[in-house]
Structures are given as C-alpha cells and as structure tokens.
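Residues 326 to 1213 in this note's numbering are what the sequence shown spells out, letter by letter.
We treat Cβ as the ideally placed atom computed from N, Cα and C, and that holds for glycine.
The model shown is predicted, which means the values in this text are computed figures rather than measured ones.
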Amino acid sequence: MKTCTACGQTNPEQARFCLSCGTPLASAAPRGEERKVITILFADLVGFTTKAEQLDPEAVRGMLDPYYAQLRGELERFGGTVEKFIGDAVMAIFGAPVAHEDDAERAVRAAFAIQAAVAAMNAADPDLGLRVRIGVNTGEALVVLEARPSEGEAMVAGDVINTAARLQTAAPPDGIVVGEATYRATAHAIDYEALDPQQVKGKALPVAAWKAVATRYVRSRRETSRAPLVGREPEMAVLRERWEKVRSSRRPALLTLLGPPGIGKSRLLREFTAELGATAVFWGRCLSYGDGITYWAVDEMLRDAAGVMHSDEDSTMSAKLSSLVESLGGSDAAEARTLTVALGTLIGSSTTGTGGDSRARISRTELHWAIRRVFELMARRGPIALVFEDLHWAEPTLLELIRYIADGADGSILVVGSSRPELVETRPEFVADSEGERRTLALSALTAAQSETLLSGLLGAPELPAGAVERLLRNAGGNPLFLEETVGMLAAAGISDVGGGKLLERVESLPVPSSLQSLIEARVDQLPPREKKAAQHAAVVGGVFWSGAVAHLNESRDGLDQDLETLERRDLIQAAATSSIESEDEYAFKHILIRDVAYGELPKARRAALHSRIAEWISALPGAEDQYVEIVAYHLEQACRLVREVGRTTVVAPVAAATQALARAGERAERLEGFREAARFYTRALDVLGATDNEQRLGLRLRRGLVLKALGELGQATTELVEIERRALVLERPDLRCEALIALANIDGKQGRPADARRRLEEAETIVRAIDAPRLLVQQVFEHSAFRAHFDSAADVAINDLRRVFPTVETLGDRSLLMEGHMRLGTLLFNVGRLAGAEWELTECSKLAAEAGSFRAKARADSLLGFVKYYRGEFGDIRDRSRRSSAR
C-alpha cells in the first residue's frame, strides 16, 4: 500500500494519484523521519486472558475478530492509525503521518466510541462479557512517515508510547485515563475527573492522570486571509497622540505594545508607521538566537539609514557610514570621526574614516552615546520613529540602550516596540517613566463583533453563513492571527468561491486547528514534500533567511524559487522588499511560530547536520569572520547540543569549530566592552567543550576569569583565577599561569593585600624571564610599576621600568598596549609633578585613541590632560577639553 503524505490516505500500490485528495503519489516519495506531537491510544481487554484459557482457539478467534474489526473501524473513523495488535490489546496513533489540529480530542472521542461499540457487542451477545480499559497520552515522538504498520513496520518511537501503555494499566475496567498533555488539549471538549498521580512502572515520578467522564458537544470553527485593520482604533489613537507629543515637545518617548503571539502588535505598528512616511521610520528586530546578538536591532536600523548591505566589503561599508555621518552634520569634524568609528565598530567595519583600525575596545557607555547621537542628528531633520520588534528577546544591554535613548535623547524621537507581556515583569522601567507617563499599551483580544468584521474582510465576502462564523470565532478567541491562519488553510485547500453553501461545506470538511500551534502544524503538514523540505531548511537558518542559504541546505537550487513562491502564496513566508545580502533574495517567516513548527518537525540529528552546514554558508559571506561570528557560533553550538541530546548518531558534533567560534564571539564582545556577554560566550564555549581538563579549556577559563575581573565580580574572578593558576602549573603552561598571577596581583592590590600582590608579581616576573613571551613581560611590568608607585612609593623606579619596556611594546605593534603604556606613564609623571612629560605622554595616548576609535582611552587621556593644563596655568582649552571628554 502507498500512503499519501498530503492527507494520510492509504492507496493501492498501482495507484498514481491519491484516491482521497488527488495528490500525485509520485511526489509523495518517502520523506524519512519527522518529530511530531502525536497522541497514542492503548486499549486492552480486561481479564480476557483468563477467559481464553477455558475456550477453544477457534472460539477465541471468533470473539476477537469482531472486536478487532470494531476497534479498527472506530479508530479510523476518528482519523487514527492502528499500528499494532498485541494479543488482545491495540495501539493506535493520532497525528501521524499527517497532523490535525484536534488529534488529542479525536483520540479521546475514539476511546468513548470504542466503549460504546463494545457495549453494543455485549448487548447483542450477552455471553461475550467484554470489558475494555483505555489509556491516552499526547507527546512528542519520532515518526517514520512511510512506515507500513499493516506489514509490521514500527511507525513511532518515544516515551509518549510507554506512558500511554502505563495509563492504560491504571485505568479501571470500562474506563478511560489520559495524561496531562491530552487533558489540557481536550478539557474544552471532554468532562474529566481528576485522579491521584499514578505511580507507574518505569517512571521515577508519579504521572498526572485524569479519568474521562463524558464528551461535550463542541461546535467547530474556521477561516482566514488578510483585511483592513479592525478593532484597534483606541490603540492607534494612543500611538498618534504620542507621536504628536514627540513632535511638539521635541522630546523622546517610549511606548511598547504588549500582547501574546498573534494578537496584532506587528500589524498595528505597520499601519501606524505607514502614516509617518518611510524616511521617518527605522525598523529593527530582536533575534531569538539567545545570547550574543545584542545590538542586531540597532544594526538593522543604522544599516538601513546608511544603505549598508550585509554583503558589503569593509571599504564600501566605511564609505557609506562616512557618507551618512557627513549628511547628518554635527558639531565638528572630531565628532563626525567619532561617530563613523562607532558605527563601524557596531556594524563590523574594520576601518575608520581615516583608515585606522576600529577594532579597539569600546566601552558600552561610549557606544551607546554614539548611537544616541546619530539618532539625535537624524531627528534634527524631522521627527523619527525607532521600531523595535520582539523586545521580549532583547538582551539587557539593548534594553538599557533603549531606555538611554528614551530618557535622555535631545530631539523628537519616538521609540516604539512590540513584546510579549513577560517583558514588564523583569523591566519595570518599561511600564512608566519618571514622570509617571505610561510606557506600555496592552493589546486585548478582539470582540466577537470585531472578529466577525475582520473575518468578512479576510474572506472578501460581505455575508457569511451563521454556522461557519460561529465555528470560526469560537476557535480564534479574538486572536487575529488565528483567523488569518485558518483562512490561509482554506485558501491552500483550493477555495476560489467562498459564497454561501460552498464556504460552509469547506469549513465542515477541512481539519480545524484548535490552537495556533496545532493550526500551523496542520498547515505545514499539508505542504507537498518538496515545499515542506524548503520550509524546514529555511527554519534552520532562522526567522529571516535567504534563498542561497536554503539552496545550500538543499544541496541544489533546482525548483527552489518555485517552492519559495508556493510558500509565499500559502502565507507561510513573505519576501523582503530589499535584501541585506547582495544577489540573494531575502524572506521571513510570517510569524516566528511558523518557523518553530517547521523546525521542530526535523529530527534532532538532522537538525544538527543542517546547523553545521548553514554555519559553513554564513562563514563564506564577506566579513563573516567578525560581523557574523555570533550567528556562526550559535549554529555550531546548536549542532553540538543536538548531537549530545540524541546520543547515538552518525552525525559528528563540530565541537572544535563551535568552541572556536564562541571564543571569537567572546573576544568581539570584549572589544565592545560587553563583558557580561563575553562571559556568557566563554561559558557557552566551555559547555560545548565538555569536562575535558585540557589546555584549551584552561585558556577559556582564563578569558572568563579576566572578564569577571573587568566586571568587578572580584570574588568569582579570584576563585576562577586561583584554580587556573593551579591547573596551569600541573599542565606545564607557564604562560597561562603568568597571566593568572598578574590578574590576581591586580585584585590583591585593589583589595588591600599588598603582600600577596608582591608575591604573585615576583612569581610572574620569574616566569617571564624564563620564557619567550614579550606580551606577558609588558603586562607584568605594567602591573608591577603600578604596584611600586602605589605601595612602595617608588614612582621614579616605576617610571624607569615603564620606559624600559616601551621598545618591546613598539615591537609588538599592539596599539592597545601602546595606549595603555602612554596612559600609565603619563599618570605617574603627573602624580610626581613632571607636567611637561605627562602632557606629552597623555597627548600621545589621546592621538592613538582617536586613530583607533577607543573612546574610553581618549576620554581618560583628555580628562587628565585638562588637569595638567590647569596646574600649568594654561586655561585656554581646559573647558573645551573637559567638555569633549565628558561627552564620550
């Protein structure tokens, strides 16, 4: 038999088209395995084994055959598939190979139908005396799509099966017991009686269980597409009022739309910003990858403003950024240069407007100031709106930046975002500002009348059959996306005439999702195999993807454009007007839940392999080494995690590549002085690497320890660094031990332990004299000179030590070390009153910092230079210098 993967119907081997839905069976070729949420039903006769011992085998068969036939008929009537008969027990599957929105409800209703059928058999033949108990459970399983249960092939695997079997044994005779997931999915349609948690064989913890008592009469529901905005007039009025206030007051404001997925946040923002004009609006989305994509939303806004493509080379990117800054005007050339460097650092350009290297460490404060300043300059030309989508995925650093703009920017800037309600639970500053003005706008569900208006607009029909409307609105629950997705399902099924009886006929015949998750899963399962593969591969790339990335995962571009057009036509994805990667068509899933469903159906081993492959594609993009390192790291990390979760698989975890990418992402975060993000990256790298106590792990721990020190978490840093110093001695890594000793000496000095600091610095000095490590030598001298000046009152010795090591610093060619050296030397000279020498050193530091784009170093140098000028009686430019340094 051939199983149609479009509708699940079994067909004769010689059939070329599905006898149920007409899909060509040639296109329904084997698709391997998928992970699906399914419902398992186990039914077993009570006490039949004892009864069978007393009967002739033919009599037993005569009793069981009608029973089996009744069971199969009832199960298949509700859409179930009988996987196997085991003695007098039966196991059936709901939701595979094709999912329906109400598989759990179908299974429980089938259980009641089985009970009724057995009761009818007993009534017809009182000698039968059959009693059946049934267990039903819902959960995730691995499904073999082309398995043939009728020929003994196993179709599903997973704990959901074992739990269903155990629930069946816990059921009383003539009873139905369900697990928690089944109960939650069907409580609206079935009456239940709560049972005590069941202690069942093979389970460490008791299993929650409910006894099904009776079915309820629940009307179905359905429909969807696109229509004018409905029911959001009050919210639109608030947005308009806030915009007018921003315009008239020339002050910024923050407003976040709150609501569950599908409630219409993005749609409302699109309608509102369409009134403002394209030049006044900048959009950015917060990615769902987790840690690391800290400034992605701002990156998108600034790329849009500058016309920067993701595929641009550094030189092109720098030219575009310089052009943007020049077009904005500003106070002076120094500010323009500073802003160009900041934008280049954020977006990933390695060159500044003057050809210097921008990859120096930049503090978060400096970066945030530069970003805010750019938006302030934009607002001089007219009010602007900054739209941040999906703020519930935003990292704390980005939320701090948003608040920094909203609380302190100078100009007409409306910061508006969308988020799920949980944002305000952890960020109360997003609820109201210091003056009590509310910063959130909650979107509630549409009323029944509003939903009906929306439904009419989606279908394009002025009047709908009352039965169809009632079913649709009940299912949607006032969620616009529920309605839109359901109409999309109807359209995909081939509706061209939605008038009167035809619409009601379609509503009655199509599967009806009972929640958004099951709705989307049902839609994805209706895709032909090739289009479904494209959707799943796109989901691995992410919520936003490119045709080239999907082609790379497909290992072919043949037919891909057509497949993507089909997905777009079915409203699963949408094409972007422009692409951030040159010569690549860019798409986005219409909603992130669509992506999640498509992604979740892929087996984990397959996901792991695809994550590794997409990391290859991203790594080949221009600038990927720095610009996309966080995304590459995410994909490689996911591959490693999935392989470990699966355990036994032929897929090899890319541990080395993932560790390296996460370490590079940590280094990049350090360059931007995002130390907390850097610590998380190093921790993730250690998790990927595993518990192996090797030199690579020790190096990562050292990086994390140094970052913890920079964060001021000195207790944790000390614990980490002490252990690193000990392990480095065991592993014979004097370089790592030396760096740990220098860092520990710094902490000792800060915490008033000069004896410990001296001992560690002397040990570090012994090491650097024994090995060829010029950089460590410089670091040791830097730290030791500070110690001597502070604790030994030997400033002259410290100054001479610093000057003696300067040739080594210059030979290394490390600009950050050179800046640090000039700063240290200038500070010491200032402290002993050698003001001329201090001025020269600090001026050199300021120049180097400006060339490198290191705002922090320049601000420190300029600030101290102001004091030098003051003590020398040169008051001319003190005020200007201090103002510039405080602005950084």
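Endpoints, the alpha helix (DSSP H) within which residue i is located
i     : result
E1020 : 1020–1035
W942  : 929–944
S636  : Where S636 is concerned, there is no enclosing alpha helix (DSSP H), given that its DSSP letter is neither H nor E.
T765  : Premise fails: T765 lies in the beta strand (DSSP E), 765–767, not in any alpha helix (DSSP H).
F1220 : In the structure displayed, the chain extends from 326 to 1213; residue 1220 sits before or after that span and is not available.
L1153 : 1140–1156
N1125 : 1120–1137
E1064 : 1059–1075
Contacts around residue i, its chain only, beta-carbon distance under 8 Å, and the 5 residues preceding and following it disregarded
i     : result
D1126 : V1106, H1109, S1110, R1113
M626  : F607, W608, G609, L711
I906  : M634, H635, S636, W871, G873, L946
I943  : A874, A949, Y953, I956, V957, H960
A436  : L366, A368, I459, V461, I501, A537
Residues near residue i by beta carbon distance below 6 Å, same chain, minus five either side
i     : result
I703  : Note that residue 703 is Met in the sequence shown here, rather than Ile. The residues are I709.
V650  : A661, L664, T665
E846  : A424, V922
L927  : Q861
G357  : none
P1059 : I1092, I1096
G1162 : L1154
A1120 : A1114, L1153, V1157
R653  : As written in the sequence, residue 653 is Leu, which differs from the Arg given in the question. Answer for L653: L702, listed in chain order.
A988  : A1010
V543  : Low confidence applies here, because V543 scores a pLDDT of 48, under 50, leaving its location unreliable and the question unanswered by this model.
R932  : L967
Contact under 8 Å by Cβ, residue i with residue j
i     : j     : result
L1014 : L1023 : no
R567  : L593  : no
F403  : G460  : no
L1101 : R1085 : no
A990  : V968  : no
A940  : L961  : yes
T1044 : I1072 : no
V457  : R491  : no
M416  : I365  : yes
V485  : A421  : no
G464  : G483  : yes
M1148 : A1177 : no
L784  : V812  : yes
L396  : I439  : yes
P577  : A791  : no
K645  : A631  : yes
V1103 : V1122 : no
Residue i: first and last residue of the uninterrupted beta strand (DSSP E) it sits in
i    : result
Y620 : Unbroken run through Y620: none, as it is neither H nor E.
Y912 : 911–914
W718 : Looking at the DSSP string, W718 is not in any beta strand (DSSP E), and its letter there is neither H nor E.
E478 : Segment: none, E478 is in no beta strand (DSSP E) and carries neither H nor E.
R575 : Element bounds for R575: n/a, residue is neither H nor E.
A981 : Unbroken run through A981 is the alpha helix (DSSP H), 980–996; no beta strand (DSSP E).
Contacts around residue i, its chain only, beta-carbon distance under 7 Å, and the 5 residues preceding and following it disregarded
i     : result
L455  : L370, Y392, V443, M446, N447
F870  : A863, Y912
T1216 : Residue 1216 is absent from the structure shown; the chain starts at 326 and stops at 1213.
T598  : V606, A710, V712
Q899  : E893, Y912, A913, K915
R541  : A514, I515, D516
Chain B within 8 Å of residue i, Cβ atoms only
i     : result
G1151 : No chain B is present in this structure, which holds just one protein chain.
Beta-carbon separation (whole angstroms), residue i vs residue j, contact threshold 8 Å
i     : j     : result
I501  : A537  : 4 Å
I696  : V623  : 6 Å
I1067 : A1089 : 5 Å
A859  : D883  : With a Cβ gap of about 11 Å, A859 and D883 do not count as contacting.
* Asked: For the 8 Å Cβ check, are there 3 or more pairs between the region 1027–1034 and the region 1000–1018?
  -> yes
* Asked: Within the chosen definition, does the region 507–521 reach the region 763–772 through at least 3 CB pairs nearer than 8 Å?
  -> no
* Asked: Pairing CB atoms from the region 713–726 with CB atoms from the region 569–579, are three or more of them under 8 Å?
  -> no
* Indicate whether the contact test is met: 3 or more Cβ pairs, each with one atom in the region 503–510 and one in the region 381–397, closer than 8 Å. => Touching, no.
* **Meets three-Cβ-pair contact criterion under 8 Å: the region 1146–1153 and the region 1167–1175** => They touch, by the three-pair rule.
* Does the region 741–752 come close enough to the region 575–593 to have 3 or more Cβ pairs within less than 8 Å? -> yes
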